[in-house]
Every structure is written in structure tokens, then in C-alpha cells.
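Report on one structure; see the data block that follows.
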Amino acid sequence: MHPHSLRPWTEPGRDHDLVIAAQRGDLAALFTLLGAHRDTLWRLCVALTLDQARAERLFHETLVRAAKSLRSIPADAPVLHWLARLATHLAVAWSRHEGPRTPDEPTGAWPVADGEAPLFSHDPRLLATLERFPEPDRLLLLLTVVERLSYGEVARVTKRDAGEVVRRLTELREQLAGEVAA
Amino acid sequence: MKHLSSLQLCAFLDDVLVGTPDDGTARHLATCTICRARYETWCHVDDSLRELLGQDPDEHAMEQRMSWVQIVVTAERKGLPAPEFAVLRIALPPQLPAPPPVQVFPPGRAPGFADPAPRTTPEPLKRPVLNPPILASPAPAQRASVSSAPPPAAPRAARQPAQPPVAAAANPSAPPPGYARMPRPPRKGFAAFVSRPGVWIALALVAVLAGAFPLGVARFGIPVIKFGFKSGHERDADVKPAGDENTAGADDAAPARKGSAKARKGAQDDPDASVLFDLPALEPEDGEPDAGATDAAPTRPGKPADRDTPARSGPTLCGEVHNPQGQPVEGARVYLTSPPRMVRTDKSGRFCISCPQGKRTIRIEATGRAPVTRTVQMGSTKLETRFTLVPVN
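Going down the list, the protein sequences come from chains Y and C. For the first sequence, the working numbering assigns the number 1 to the initial residue and increments by one for each residue that follows. For the second sequence, the working numbering assigns the number 183 to the initial residue and increments by one for each residue that follows.
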């Protein structure tokens with residue numbers, strides 16, 4: 001089997017082979033597939049929730065739901081695109097249903113202890129401004145700034161128009177720069 | 183000088199521009215201080231975003247996260263109940279946008295991916311014991327530099343129960359994961375008291391009673407409850423009016439039950455019948471004729487001649503009640519002990535009551551007069567008696 005892709009956002013690599021094997025009941029292939037994208041998905045969950053404890057839950061639930069919905073993975077795009085949309089849907093639904101995290105919100109029974117650590121930023125105004133953005137906008141910033149995807153790739157991942165992606169990204173950067181410069 | 187637009191600056195920042203536009207933008211930034219300041223601010227924002235969101239996760243923590251995902255997925259594939267931590271707590275909207283359909287992968291499951299056989303007694307999945315995490319916590323300087331960060335919370339193990347409620351997760355009738363709500367903390371204090379439905383029912387009953395009591399007092403007055411012994415004339419009000427025995431009139435030949443109905447009608451029509459009372463009939467004693475058959479003989483109270491005339495062929499006890507001056511006593515009560523009967527005297531002080539043969543006891547009572555009790559030996563014919571009631575001082 002060929003090695004996994006080093007650019008999971010653009011090159012599927014052996015993802016489709018793993019998906020076919022997982023759909024046939026191969027748990028090892030399923031866990032290999034999920035484990036190949038775990039770091040990227042974790043950064044995605046942190047960007048969508050801006051909270052370590054919620055990121056833990058979103059990460060767990062995204063992977064569990066992905067394992068249940070293997071049959072809906074599109075074959076014409078990398079698996080990571082589908083995982084990113086799934087995590088975004090969950091984060092949007094969560095935010096609409098429960099709102100922002102409260103200090104006394106239960107963190108669940110997840111075993112990871114670093115979920116208690118607050119998300120650190122040198123500029124607290126940047127974090128406060130990011131919290132006001134909706135989850136799809138945070139995904140745009142993550143894909144463009146952190147993951148360094150092109151506008152076309154971002155448009156493919158988010159299933160939006162490339163021009164709309166550029167306009168929205170410009171607006172977001174202007175807002176962030178205005179808050180930081182203020 | 184024309185400054186750079188935001189779109190140009192954004193594209194230059196993302197290395198999208200190539201060729202002449204890229205060079206022109208670079209030259210403008212080298213000469214325009216305003217655009218260079220904007221560019222530097224945007225670069226600072228991008229660097230902060232990469233620092234904030236681009237941190238690589240801890241390897242040990244990611245191993246643990248993946249191990250828990252593997253536990254959940256494996257339990258589900260094997261048909262085991264989901265462990266407690268696998269209950270998804272993110273509520274989804276009613277309809278998620280449908281993902282694109284599968285185009286390459288063949289539909290249907292392979293033979294080796296058949297659904298597991300249903301287990302009769304599902305075994306609850308035990309929480310695995312993991313190695314203590316070795317986590318790389320942020321540097322103390324970083325923690326100290328964040329002024330708005332919340333204070334460090336208690337360790338997670340201290341806030342969680344020692345044993346997860348696996349039995350709750352093992353409930354096969356539980357709702358499917360993904361739609362479960364966050365558990366609400368139990369209410370305490372006044373909120374818990376108010377949330378009980380019994381409290382509201384009791385308050386509603388009290389309100390209804392408080393509203394109805396003044397209306398009842400206004401309508402019926404304040405109720406008076408009496409305790410004590412009733413005198414004889416007060417007890418007479420409880421005696422039923424005579425019907426069967428004293429009101430049939432001339433319908434002697436009619437059957438007893440038919441005559442009873444007619445007697446009731448006659449008692450209602452005749453105002454004098456209201457003065458006739460009788461005690462409830464009892465079963466006849468041994469050797470006695472049927473009271474229902476013999477006592478149905480009616481007597482017209484307003485006609486003394488009728489009273490003197492025996493209504494039936496049976497014996498009749500008739501008499502007069504006078505005071506010591508010889509004046510008739512009207513309305514005196516004449517009791518026959520066996521069978522229990524009672525009649526009242528008419529205006530002339532006379533009474534007539536059918537009485538079976540044998541030794542009978544008669545008691546005469548009147549208001550304001552001493553009662554008189556007498557034992558008579560009834561034969562087969564009519565018996566005339568005379569009573570004198572002495573006033574009570």
C-alpha cells in the first residue's frame with residue numbers, strides 16, 4: 001500500500017482504499033483512516049469551538065459519527081473535506097442549540113486532561129473577536145491562514161463560490177485587523 | 183496615489199497574485215506607508231491566528247482520544263451497548279444537508295460486514311483503565327500572561343463519578359445518540375417546591391374553597407351543628423307518613439299491593455291523611471297474621487264512623503282519649519308495640535287501629551301530658567278502650 005498523502009486537503013492518497021476497506025467492515029482500515037486525519041481534525045475542532053473542552057467533545061463525536069456514516073463519503077473528494085463539513089455541521093448545531101460555553105458546562109467523560117487548559121492567545125482581543133464569528137467563518141480563516149489552502153480549495157471544502165470565499169475572507173481580516181489595531 | 187484595496191491586500195497576503203500584479207503590489211507597499219501599515223497589521227493577525235489555531239496537539243492526548251473512538255466504534259460494530267462517554271451530546275438540527283451520494287464505491291455491504299446477531303443479554307462495556315496521561319501543559323509564563331483566562335479548574339477526575347453509569351447507557355430503549363440533551367441539574371429550594379404538581383393542586387383546592395365558603399354562607403347561612411337527645415315530639419318528625427294501611431278507603435276488595443298504590447294517591451289528595459303516621463312494618467311474628475295483608479285496611483281519619491268500622495275482618499282496637507275534664511284530646515299518638523304501629527287521634531279524640539289477636543301493649547302520648555301505657559287482650563273482634571291523659575306540671 002502506498003504511503004498516506006502528505007497533503008491530505010488536496011491529495012486523497014490511499015484514503016479511498018481505506019474507505020472501501022472500512023465500508024466492507026475492516027475496522028483496522030477505518031481506524032487507520034481516522035487516525036491519518038486526527039491532527040488536522042483536531043485543529044479544525046479547536047478553531048470551530050475555540051475551547052479545549054468543547055473541542056474534545058466535537059472531535060470525539062465527529063469521528064464516531066464519521067464511522068457510522070462511511071457510506072456517505074464522497075468518492076470524488078478527499079475524505080478530509082467530508083470530515084471538515086461534518087465537524088462544521090456538528091459545531092453549528094451545537095452552538096445553535098446550547099450557545100456559547102458556560103463556565104459550569106459539563107465537560108463529559110472524555111479521558112483527555114488537557115481539555116481543561118484554556119485556549120491561549122497572545123492577543124486576547126483576537127480571541128474575543130474570533131468568538132463573535134460564526135463557525136463557517138472560522139473554518140474559512142483556518143483553511144486559508146493556518147492550512148494555507150488556495151481559494152479554490154477552500155471553496156471546494158466549504159462548497160461555496162470562490163469569489164464569495166475571497167470577499168468573506170477579506171471582510172474577516174479587516175475586522176480582525178481593526179480590532180487588533182484599536 | 184491610489185492605495186491598495188482590501189481584496190488586493192488579501193490576495194497578496196495569500197500569495198495568490200503572480201506576475202505583474204504581484205510585483206506592482208510589492209512596489210506599492212515599499213513606497214506607501216499607509217498600505218504598508220495595513221499590510222503589517224494583517225500579517226500580525228495572520229501570525230496570531232497561526233499561533234492560536236495551528237498548534238500541534240499532544241501526541242499522547244491524541245492517542246487517548248483515538249483509543250476512545252476505537253472503543254465506541256468497536257462496541258457499536260459488535261452490537262454491544264455504547265459506553266457512557268459515547269452518548270453524543272451535540273443536538274443536531276432536524277435535517278442536515280444530505281451529503282453527496284456515493285459514486286465510486288459499490289453499494290451494499292460485503293458478506294463479511296453483515297449485521298451481528300442480536301444478543302439476548304448484552305454485556306455492558308466496562309470502562310478501560312488507561313495509562314495516566316503525560317501531557318505537556320502550557321508554559322507557566324504563558325499561563326501567567328493571560329489575564330482574562332479563567333482560573334484553573336479542579337482535576338477532571340475529581341469532578342467525575344468514580345464509576346460511569348454504564349447501566350444507563352446499556353438501556354436498549356434509549357434514544358439514538360446524537361439527539362440526547364444535556365442533563366439538567368436537579369432543581370433545589372423553592373424552585374423544586376414549586377415544580378411539584380401536588381403543590382399547585384393543593385393551592386387550587388384552597389382557592390376554590392376560599393371562594394365557595396362565602397357564597398355558601400350567604401346562601402345557606404352559618405351551619406349549626408346540634409348535639410344531644412331529641413325529645414319525643416321531635417322524633418315524630420322522623421316518622422314516615424302512613425300510606426299502605428290507612429288510605430285505601432273503600433277499595434277493600436282490591437288486592438293489597440294495588441290498594442297500596444291507590445292509598446298513596448289518596449293520601450296525597452286527602453289533606454287529613456297527613457296526620458296519619460305509621461312506623462315501618464316488620465316481619466310478622468310467629469302465629470300472627472301478615473301485617474301487610476291485614477294492616478292495609480284503610481281508615482278515613484276525617485270520618486269517625488269509618489274509624490269505628492273495622493276495615494278488615496281482623497280485630498280492631500278503637501278508643502277515645504280525653505283529658506281529666508272529659509274533653510277530647512286531638513293529635514294524641516297511639517302506639518302499638520307489636521307490631522309497631524302508630525296512629526293519631528282525630529278531633530273527637532278517637533282512634534282506631536287494627537291489632538292482631540293476643541296480648542298487646544298500647545301507649546298513648548300527647549304533648550304536655552303524661553303518657554299512658556296499657557296492656558289489652560285482643561280477641562277476634564273489635565275492642566273499645568278509653569284513655570285519660572293528665573297534664574304534666
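For every residue, glycine included, the Cβ atom is placed at its ideal position computed from N, Cα and C.
For P368 (chain C), none of the residues of chain Y pass the 8 Å Cβ criterion, the least Cβ distance being about 14 Å. For the 8 Å CB-CB criterion, T555 (chain C) and T563 (chain C) do not form a contact. For the region 76–89 of chain Y, the beta-carbon criterion of a distance under 9 Å to any beta-carbon of chain C is satisfied by D76, A77, W82, R85, L86 and H89. At a cut-off of 8 Å between beta-carbon atoms, V145 (chain Y) makes contact with chain C. Annotated three-state conformation of V92 (chain Y) is helix, per DSSP. Close CB contacts of P74 (chain Y) within its chain, under the 7 Å cut and outside five residues either way in sequence, are with W82 (chain order). Taking C-beta atoms as the reference points, L86 (chain Y) and R65 (chain Y) count as a pair closer than 8 Å. In the three-state DSSP reduction, R125 (chain Y) falls in the helix class (H, G or I). Apart from sequence neighbours up to five positions away, the residues of its chain that approach T557 (chain C) with a beta-carbon distance below 8 Å are K541, R542, T543 and I544, ordered along the chain. Annotated three-state conformation of I535 (chain C) is strand, per DSSP.
Pairwise C-beta distances place the region 496–514 of chain C in contact with the region 523–531 of chain C, as three or more of them are shorter than 8 Å. Across the set Y:A55, Y:D39, Y:H97 and Y:I20, the C-alpha of Y:D39 shows the shortest separation from the C-alpha of D240 (chain C). For the C-beta of L189 (chain C), the chain Y residues within less than 7 Å are, from N- to C-terminus, V166 and T170.
Using a 10 angstroms sphere on the CB of P263 (chain C), the tally of other CB atoms reaches 16 or more, which defines it as buried. Rounded to the nearest whole angstrom, the CA to CA distance from A257 (chain C) to V251 (chain C) is 10 Å. Put simply, of Y:Q175, Y:C45 and Y:K159 the residue whose alpha carbon is nearest the alpha carbon of R125 (chain Y) is Y:Q175. Around the Cβ of I546 (chain C), a 10 Å sphere holds 16 or more other Cβ atoms; the residue is buried. Taking a 10 Å sphere around the C-beta of G550 (chain C), we find fewer than 16 other C-beta atoms and assign the residue as exposed.
Looking at the DSSP output, L565 (chain C) sits in a beta bridge with C:L499.
Interface annotation for the region 9–39 of chain Y against chain C: H16, V19, I20, Q23, R24, G25, D26, L27, L30, F31, L34, G35, R38 and D39, criterion Cβ-Cβ distance under 9 Å. Around the beta carbon of A389 (chain C), fewer than 16 other beta carbons sit within 10 angstroms, so the residue counts as exposed. When C-beta distances to chain Y are compared with 8 Å, the residues of the region 222–239 of chain C below that value are T223, W224, H226, V227, D228, S230, L231, R232, E233, L234, L235, G236, Q237, D238 and P239, in chain order. Excluding residues up to 5 positions away in sequence, L48, E135, P136 and L139 lie with their Cβ nearer than 7 Å to the Cβ of T88 (chain Y) in the same chain. Within the DSSP bridge table, the entry for T543 (chain C) names C:T557 as partners. Under the DSSP assignment, R232 (chain C) falls in the alpha helix (DSSP H) whose first and last residues are T215 to L235. Only residues of its own chain outside the window of five on either side were considered, and among them P368 have a CB closer than 8 Å to the CB of A374 (chain C), listed in chain order. Per DSSP, the continuous beta strand (DSSP E) segment holding L518 (chain C) begins and ends at R515 to L518. Ranking Y:D123, Y:L50 and Y:T129 by CA distance to the CA of S95 (chain Y) puts Y:L50 first. For the 8 Å CB-CB criterion, C192 (chain C) and L169 (chain Y) form a contact. If you look at V145 (chain Y), you'll find it isn't in any alpha helix (DSSP H); DSSP assigns it neither H nor E. If you check each beta-carbon in the region 191–222 of chain C against every beta-carbon of chain Y, the ones closer than 9 Å belong to L191, C192, A193, L195, D196, D197, V198, A219 and R220.
Your pair F194 (chain C) and D204 (chain C) checks out as a contact, with CB atoms roughly 7 Å apart and the cut at 8 Å. Counting along the chain, R526 (chain C) sits inside no alpha helix (DSSP H); it lies in the beta strand (DSSP E) bounded by residues R523 to R526. By the Cβ neighbour-count rule, W382 (chain C) is exposed, with fewer than 16 other Cβ atoms within 10 Å of its own. Neighbours of V157 (chain Y) across chain C, judged by C-beta separation under 7 Å, do not exist; the nearest C-beta is about 13 Å away.
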